[in-house]
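In what follows, a single structure is set out as structure tokens and then discussed.
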Amino acid sequence: MRNDRSAFSANTNRTGPDFSTVSAAIPGRAVAHDRDDNKGPPQGDCGFRPKQWDCLNRPSDDSDSILAAYGLALDHVGDGVVVADMRQRGHPIIKVNAAFEAITGYTAAEAIGKNCRYLQGSDRLQPEIAEIRAALTEGRACSVTLRNYKRDGTMFRNALRLVPHRDASGQITHCAGLIRDVTYASGVDRLTGLLDRYGLLDRLASISVPAGFVVLLLKLDIMRFHDVNNGFGYDIGDALLRAVAGRLATLPSVALARVGTNSFTLAFELGDAQRAADLVDDVLNLLQPRFILPGAAMTTQFGAGFTVGSIGSDPLQLVRQAAAALQRSKAMASHPPHRFAAADERDASNRIRLANDLQAAIPNEELLLHYQPQLDLHSGNIVGAEALVRWNHGVFGLQSPSRFIGVAEETGAILDIGAWALRTVAKQAMRINDGRRTPIRFSCNVSVLEFTRRDMVAFVEQVVAETGCRPEWLTLELTESLMMPEPAEVLRVFRDLRGLGVEISIDDFGTGYSNLRYLERFPLTEIKIDRSFVRDVVHSPAKRVIVESIIKLGGVLDIRVVAEGIETDAELSVVKSLGCSVGQGYLYSPPLDTTAFDAFIKYHAISHDQAQQGRLLTTLNDNRASHTGGLPE
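Residue 241 in full-length UniProt numbering sits at position 241 of the sequence shown, with consecutive numbering throughout.
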């Protein structure tokens with residue numbers, strides 16, 4: 001053999017990802033497709049045998065020129081060609097073309113001598129690999145799509161066509177592989193190289209589940225992923241998605257797809273349906289260690305919903321069930337994995353209805369604000385109130401933010417809701433504080449979506465001008481993720497808002513991707529200690545140290561510290577002893593509608609005046625007693 005390229009065909013003109021149309025510029029002869037003697041070309045679409053294959057077995061005056069022309073053709077086709085010697089131990093690669101080098105990043109010198117499996121890296125549990133082994137054992141051609149890895153570690157989806165070549169005796173001597181990079185083809189997610197949701201449905205429809213087995217379909221969401229994108233930047237967000245995909249690819253799933261911005265779906269074959277929950281736990285444990293990314297390291301929480309059943313004729317049914325279960329998982333505080341139940345579909349249907357009805361909530365005047373008082377922990381005075389949006393749905397009744405804010409952010413309705421809320425809060429502040437000696441600060445939550453899509457400075461200026469509210473009566477509550485990784489634009493907006501006189505509060509401090517330098521560099525006026533710290537401050541020494549540290553930092557930096565979620569006298573006693581100045585929680589009052597809030601202010605003023613009068617009388621009596629030697633009159 002003078003040129004190893006001579007032994008295998010090149011499909012220089014073809015259509016479709018399965019290479020179903022085959023032609024070549026080199027003369028050939030047709031062979032039968034239905035041979036059952038296990039000799040000659042394999043069955044399938046490989047029904048063309050180039051004449052130059054014959055020259056391997058007999059001399060020919062023009063064989064060298066034919067081989068040279070054929071080698072030239074191989075080096076100019078768009079798909080990679082790899083040839084393995086099936087007679088040698090380990091089936092080493094003996095030839096690759098230029099396209100193989102371009103696709104994989106490996107030079108011919110680096111590839112030759114290796115087994116083709118090196119392109120799989122450690123990702124060797126793909127079900128398609130078993131299909132390849134079976135085809136080679138049976139001596140037939142096969143077509144599969146694999147996750148392979150380039151020299152730089154980048155994953156690509158390889159639409160691989162393997163064709164065995166037999167000698168005159170019918171023995172397989174070589175195997176030719178045709179490689180096509182279909183990473184960006186239809187059905188494939190461009191960022192991760194996994195299947196997309198269309199590819200997932202195709203894959204599920206093609207799964208042949210063994211008798212007695214069921215399919216576990218698991219859907220995962222990266223929680224607070226928008227905080228990563230908005231805080232660290234989209235490059236880090238993309239890197240996190242690729243890292244998650246890389247870990248999931250090590251699992252023995254029969255399907256793996258990225259089906260949304262931060263959503264992944266996996267399918268497993270299970271011989272015992274009772275093992276479903278354990279397998280889901282294994283997946284979540286795999287994702288638990290920190291992700292080390294370029295310029296960032298983070299631990300990420302996942303919502304997980306799963307269902308167990310048979311694919312049947314409608315794989316979309318399982319997909320819907322897993323999605324409904326995921327929504328239930330995300331609705332729970334700690335996002336535990338949730339197995340699909342019939343009620344979940346009703347909840348999912350209600351969620352869709354909520355999204356539709358939310359569009360009409362403002363024009364129908366169904367939204368309202370409740371106000372939770374904030375008190376000075378030492379004087380007992382009302383110093384502020386947090387505005388919390390509620391939705392009085394015509395059918396479902398009064399809805400808390402946890403039921404609809406997520407839907408509002410997904411649909412973009414949060415922009416209209418946020419604008420309405422700030423205007424309403426400003427009007428309330430103007431009404432309450434007009435003529436009041438000591439004004440009450442009113443806090444309004446601002447979502448990341450609002451902050452990034454709206455000119456907040458211009459909008460606040462407009463609201464203040466429209467309502468007559470003084471800017472210092474307003475506090476904008478934001479999440480700490482907005483400050484990462486300290487973008488200049490966010491810092492500019494914060495400074496401009498402070499220039500207007502508006503106060504800025506960081507909500508749920510300590511629960512996100514905290515960085516203490518933000519307290520120094522950003523013009524903050526308030527930080528709110530998350531209720532999870534306040535709840536545990538009585539019994540957890542570690543939480544107490546954290547709370548005390550935040551309070552001391554606030555004092556040094558002249559930032560007001562508010563303790564959220566105070567519910568017991570014991571919690572109040574501890575946070576007061578640690579030096580916290582302001583608190584809110586059910587110990588004082590739940591969120592109140594406008595009428596009840598007005599009554600609370602009035603009652604509190606009366607009781608506070610009575611308490612002051614009582615303290616004054618006590619002081620006078622004490623003074624009088626000291627002058628009379630304490631004797632009764």
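For each residue, glycine too, the CB sits at the ideal point set by N, CA and C.
Query: Nearest neighbour of A488, chosen from V259, R521, D181 and Q120 [CA to CA]; Result: R521
Query: C-alpha distance - R58 paired with D167, whole-angstrom precision; Result: Residue confidence is low: R58 scores 44 on pLDDT, short of 50, so the model does not pin down where it sits. Its coordinate-derived value is still stated next. Distance between the alpha carbons of R58 and D167 is about 12 angstroms.
Query: Inter-residue Cα distance where the pair is E472 and G231; Result: 27 angstroms
Query: C-alpha gap between L146 and R339, whole angstroms; Result: 30 angstroms
Query: Nearest-angstrom Cα separation, counted from R151 out to D54; Result: Low confidence applies here, because D54 scores a pLDDT of 43, under 50, leaving its location unreliable; read the following figure in that light. Cα to Cα, the separation comes out at about 36 angstroms.
Query: Limits of the unbroken beta strand (DSSP E) element including V81; Result: G80 to D85
Query: Range of the contiguous beta strand (DSSP E) that encloses residue 647; Result: This structure gives no information on residue 647, because the portion of the chain shown stretches from 1 to 633.
Query: Spatial distance of F100 from A111 (CA atoms); Result: 10 angstroms
Query: Bounding residues of the alpha helix (DSSP H) (the contiguous stretch that carries T137); Result: P127 to E138
Query: Start-to-end residues for the alpha helix (DSSP H) that takes in N392; Result: First-last for N392: I382 to H393, but that is the beta strand (DSSP E), not the alpha helix (DSSP H).
Query: A168, DSSP secondary structure in three states; Result: coil
Query: Outcome for L286 when other beta-carbon atoms lying within 10 angstroms are tallied against a minimum of 16; Result: exposed
Query: Cβ contact (3+ pairs, closer than 8 angstroms) linking the segment 348-356 and the segment 543-553; Result: no
Query: Cβ pair A322, F306 closer than 7 angstroms; Result: yes
Query: Where Q120 sits in the DSSP three-state scheme; Result: helix
Query: Per-residue burial, S447 [other beta carbons within 10 Å of its own, 16 or more giving buried]; Result: buried
Query: Sequence-distant residues of the same chain with beta carbon closer than 6 angstroms to Q372, five excluded per side; Result: E386, Q584 and P591
Query: Continuous beta strand (DSSP E) assignments of at least 3 residues falling wholly in the segment 287-362; Result: 291-293, 296-298 and 302-309
Query: Segment contact flag, the segment 191-200 with the segment 248-268, C-beta cutoff 8 angstroms, min 3 pairs; Result: yes
Query: Any non-hydrogen atom of the ligand GDP closer than 6 angstroms to M298 Cβ; Result: In the structure on display, the ligand GDP does not appear, and there are no ligands present to speak of.
Query: Backbone secondary structure at T595 - three-state DSSP; Result: helix
Query: Proximal residues to Y586 (C-beta, below 6 angstroms), its chain only, five neighbours per side dropped; Result: E567
Query: Burial state of E564 (16 or more Cβ within 10 Å); Result: buried
Query: Proximity to Q359 [Cα-Cα], best of S329, D416, F396 and L398; Result: D416
Query: Span of the beta strand (DSSP E), counted from its first residue to its last, around V96; Result: I93 to V96
Query: E461, enclosing alpha helix (DSSP H) - first and last residue; Result: M456 to T467
Query: Cβ pair T192, L241 closer than 7 angstroms; Result: yes
Query: Residue environment, P289, which counts as buried when at least 16 other CB atoms sit within 10 Å; Result: exposed
Query: Inter-residue spacing [alpha-carbon to alpha-carbon] between I449 and I414; Result: According to the sequence displayed, residue 449 carries Leu and not Ile. About 8 angstroms.
Query: Buried or exposed by the 16-neighbour rule on C-beta atoms within 10 Å, applied to L316; Result: exposed
Query: Per DSSP, the bridge partner or partners of F396; Result: Partner(s): none; F396 has no beta bridge.
Query: Pairwise C-alpha distance: L369 and A207; Result: Correcting the residue type first, residue 207 is Ile in the shown sequence and not Ala. Between I207 and L369, the C-alpha separation is close to 51 angstroms.
Query: S206, enclosing alpha helix (DSSP H) - first and last residue; Result: R197 to S206
Query: Inter-stretch contact at 8 angstroms, needing at least 3 Cβ pairs: the segment 452-461 / the segment 492-504; Result: yes
Query: Residue from L377, D227 and I222 whose Cα sits closest to the Cα of F302; Result: I222
Query: Three-way DSSP call (helix, strand, coil) for D281 in this model; Result: helix
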